[in-house]
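Take a look at the structure below.
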Amino acid sequence: MPIISISKLSKTYTSGFTALRDIDLAIERGEIFALLGPNGAGKSTLINIVCGIVTPSSGTVLVDGHDIASAYRAARRAIGLVPQELTTDAFETVVNTVSFSRGLFGLTPNPAHIERILRALSLWDKRNSRLMTLSGGMKRRVLIAKALSHEPRVLFLDEPTAGVDVELRQDMWRLVRDLRQQGVTVILTTHYIEEAEEMADRIGVIRRGEIILVEEKAALMRKLGRKQLTLHLQKPITAVPPDLSDYELAVAGDGSELVYTYDTRAERTGITGLLTGLAAAGIRFNDLHTEQSSLEDIFVGLVREERAQA
Amino acid sequence: MSAGFSMNWPAVRAIYLFEMGRFWRTAGQSILAPVISTTLYFVVFGAAIGSRVSAVDGVPYGLFIVPGLIMLSLLTQSISNASFGIYFPRFAGTIYEILSAPISPLEVVLGFVGAAASKSILIGLIILATSALFVPLRIDHPLWMIGFLLLTAVTFSLFGFVIGLWADGFEKLQLVPLLVVTPLTFLGGSFYAIGMLPPFWHAVSLLNPVVYLISGFRWAFFGTADVSIAVSLGMTALFLVICLGLVTYIFRTGYRLKS
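Taken in sequence, the protein lines are chains B and D. This note's numbering puts the first residue of the first sequence at 702, with every later residue one more than the last. This note's numbering puts the first residue of the second sequence at 8, with every later residue one more than the last.
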């Protein structure tokens, strides 16, 4: 059974803006799921509905088998949320605010657990500091500590590394992997494709309130990934011979390179034909290499495709 | 709702202690302010003016104003504590934590309103103790006094909670306490018995709900009142029910809490 099952979920705000349309989505237990989408696509609305912050217009959401409306206590107990905004109670100390979060989830104080979390997030030395004295990165860590204070089975990270430095980003990625090892399911929204590429098991792409794709990351990159073959020529050329015009080759490196872009999904990549054509045209090369497109290229391609269809 | 009726008491405790923590952080200011203002009231009304005013209903004027002074602070403190308590998380964005936690509306109200009422009762008792420095206290019905203190603190904390949910800016947060509650309290017989007013203004005063609170509270002290104790109690209870109804409506509809 998926840990989160979303069925026919829609949300239209009182302003008339429809943020989500008939979303169906299943998040598997123990996976890291990255939800990608441009600004205003509906990522945060989706997360906020699952967490109980926004009321859905229609549809159902089950968290670990519990309906978020009729069994909200059991459903919410399973969830930890790290919001996008750095919202903290400025005058509270780190240890107090984290303990407060644990209490909200109906758990009795557990100083040992709180200490473990604060140490894991390098916050232990700051435990008695007021939140207003912390840097943005430290506040982000505090929000994660709060979300983990009640030992959730599902962790939502809404833009977790927005505005944080490289070191903290690496720390967070490490933390997310550790959590997955412990069996925690992680759902993250991000603008950094690199982040999804680095961590996610599966990718979902949302656009204009609709999930347009859900796929295993590796399979997605295999299916949608475009590859480039770069040939390093023995002698520079100024133009592509007319016989090779079908291949839409690009001349690069001041004429010393020929770049061929092909689709791995295509039945034929055209590489054999290209190499034969090059030999026939008397163009020789002394090296070649291929390069796979990144998840970012795939994402941009998908969103553009959708825009063109809209 | 989950099956069965179970309460998330640790959450109620967490909210209550968190809110009380805010009070203790500024304990000097929270405690000193009512002590100073009570002292000033006694200097002005007790010594300067009070010495020229004869006893009211057989009670020396300095002593007569004690219930009104306590009620004045109790109402304003209950409202401001509760309204600020729920408004600030909305303003700062930390309300997400309350909304996404496994807490029922009742538990949220118990935590916030319980803390706000506790703070205002504490301040009420501080004012009572400060008054004892200026006049010999007399409390004929101490249990009724505590009962009215509790009932009024809870009722007006609920009212403050509603204001804190309704307000969408700090100006609105101050609007009702400054423009409605404080004038009604001053005109509700804090410093005089409404029986001292001409018949027309006496009748107008009876439209002021605060009259019933102060009258009932004063009866607990001196056994005399502007209106009967049953009416005072009934009016306070009615206001409590109205506030409870408003809070229930707000949580059912998610008004100003959920989009």
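We put the beta carbon where it would ideally sit given N, CA and C, even for glycine.
Between the CA atoms of residue j and residue i - distance to the nearest angstrom
i        : j        : result
Leu721/B : Asn749/B : 12 angstroms
Ala846/B : Leu787/B : 13 angstroms
Met14/D  : Glu114/D : 7 angstroms
Ala901/B : Glu816/B : 28 angstroms
Thr33/D  : Met27/D  : 10 angstroms
Arg20/D  : Gly804/B : 8 angstroms
Tyr893/B : Pro190/D : 56 angstroms
Glu898/B : Lys918/B : 7 angstroms
Ala981/B : Gln993/B : 28 angstroms
Phe38/D  : Leu144/D : Per the sequence presented here, residue 38/D reads as Ile, with Phe not at that position. Distance between the alpha carbons of Ile38/D and Leu144/D: 20 angstroms.
Ile110/D : Ala124/D : 20 angstroms
Trp173/D : Leu82/D  : 18 angstroms
Ser946/B : Ala940/B : 10 angstroms
Trp31/D  : Asn740/B : 42 angstroms
Arg969/B : Tyr103/D : 52 angstroms
Asp964/B : Ile913/B : 20 angstroms
Ala89/D  : Ile257/D : 15 angstroms
Ser127/D : Phe155/D : 13 angstroms
Trp874/B : Gly974/B : 43 angstroms
Ile728/B : Ile707/B : 9 angstroms
Thr862/B : Thr891/B : 8 angstroms
Phe16/D  : Asn797/B : Per the sequence shown, the amino acid found at residue 16/D is Trp instead of Phe. So the two alpha carbons sit approximately 18 angstroms from each other.
Gly100/D : Thr789/B : 8 angstroms
Leu129/D : Phe168/D : 18 angstroms
Asp859/B : Arg29/D  : 29 angstroms
Gly781/B : Val885/B : 10 angstroms
Arg828/B : Val161/D : 35 angstroms
Ser239/D : Phe207/D : 21 angstroms
Thr834/B : His814/B : 24 angstroms
From the options, residue whose alpha carbon lies closest to that of residue i
i        : options                                   : result
Gly202/D : Ala40/D, Val218/D, Thr189/D and Leu191/D  : Val218/D
Thr794/B : Ser830/B, Gly781/B, Arg777/B and Asp765/B : Ser830/B
Pro112/D : Pro784/B, Gly753/B and Glu732/B           : Gly753/B
Ser800/B : Ile818/B, Val941/B and Phe718/B           : Ile818/B
Gly69/D  : Val60/D, Gly53/D and Val63/D              : Gly53/D
Tyr94/D  : Ser107/D, Val120/D and Leu76/D            : Val120/D
Val867/B : Asp859/B, Phe792/B, Asp879/B and Gly838/B : Gly838/B
Ala735/B : Leu856/B, Val952/B and Ala791/B           : Leu856/B
Val66/D  : Ile146/D, Gln36/D, Pro206/D and Met242/D  : Ile146/D
Leu808/B : Leu835/B, Pro853/B, Arg875/B and Ile728/B : Pro853/B
Phe166/D : Ser87/D, Val73/D, Arg29/D and Pro41/D     : Ser87/D
Pro184/D : Gly196/D, Gly230/D and Phe163/D           : Phe163/D
Ile705/B : Thr756/B, Thr719/B and Ala776/B           : Ala776/B
Thr931/B : Arg881/B, Ile972/B and Lys744/B           : Ile972/B
Leu737/B : Ala920/B, Leu880/B, Ser758/B and Gly905/B : Gly905/B
Lys872/B : Leu822/B, Arg908/B and Asp826/B           : Looking at the sequence itself, residue 872/B is Asp, so the reference to Lys does not match. Answer by Cα proximity: Leu822/B.
Buried or exposed by the 16-neighbour rule on C-beta atoms within 10 Å, applied to residue i
i        : result
Thr665/B : Any answer about residue 665/B is impossible in this case: the structure gives chain B only from 702 up to 1011.
Met78/D  : buried
Lys709/B : exposed
Tyr23/D  : buried
Lys712/B : buried
Leu47/D  : exposed
Leu186/D : exposed
His933/B : exposed
Tyr714/B : exposed
Met152/D : buried
Leu214/D : exposed
Met922/B : buried
Ser802/B : buried
Glu949/B : exposed
Lys744/B : buried
Within chain D, the residues that residue i reaches when beta carbons sit closer than 7 angstroms
i         : result
Arg875/B  : Those do not exist, as Arg875/B stays about 25 angstroms from chain D at its closest Cβ, beyond 7 angstroms.
Phe801/B  : Ala21 and Phe25
Phe1000/B : By Cβ distance, chain D contributes nothing, its closest Cβ being about 28 angstroms from Phe1000/B, past 7 angstroms.
Under 9 angstroms by beta carbon: chain B residues contacting residue i
i        : result
Tyr256/D : Simply none; closest approach about 15 angstroms.
Arg259/D : Simply none; closest approach about 11 angstroms.
Chain B residues whose Cβ lies nearer than 8 angstroms to that of residue i
i        : result
Ala122/D : Near Ala122/D there are no residues of chain B at all, since even the closest Cβ is about 13 angstroms away, more than 8 angstroms.
Arg225/D : Going along chain B, no residue has its Cβ under 8 angstroms from Arg225/D, so there is no contact; the nearest lies around 38 angstroms.
Arg32/D  : Phe792
Chain D residues whose Cβ lies nearer than 9 angstroms to that of residue i
i        : result
Tyr963/B : Those do not exist, as Tyr963/B stays about 47 angstroms from chain D at its closest Cβ, beyond 9 angstroms.
Thr789/B : Ala99, Gly100 and Thr101
Glu899/B : Simply none; closest approach about 27 angstroms.
Amino acids of chain D, ordered along the chain, whose beta-carbon sits closer than 8 angstroms to that of residue i
i        : result
Arg777/B : Ser107, Ala108 and Pro109
Thr809/B : Pro17
Ile780/B : Ser107
Arg854/B : By Cβ distance, chain D contributes nothing, its closest Cβ being about 13 angstroms from Arg854/B, past 8 angstroms.
Residue i CB to nearest heavy atom of the ligand GDP below 6 angstroms
i       : result
Ile77/D : Here there are no bound small molecules, and the ligand GDP is not part of this structure.
May I ask you to verify whether the region 752 to 770 of chain B touches the region 974 to 989 of chain B, counting CB pairs closer than 8 angstroms and requiring at least 3?
no
At least 3 beta-carbon pairs within less than 8 angstroms: the region 225 to 232 of chain D vs the region 83 to 93 of chain D
no
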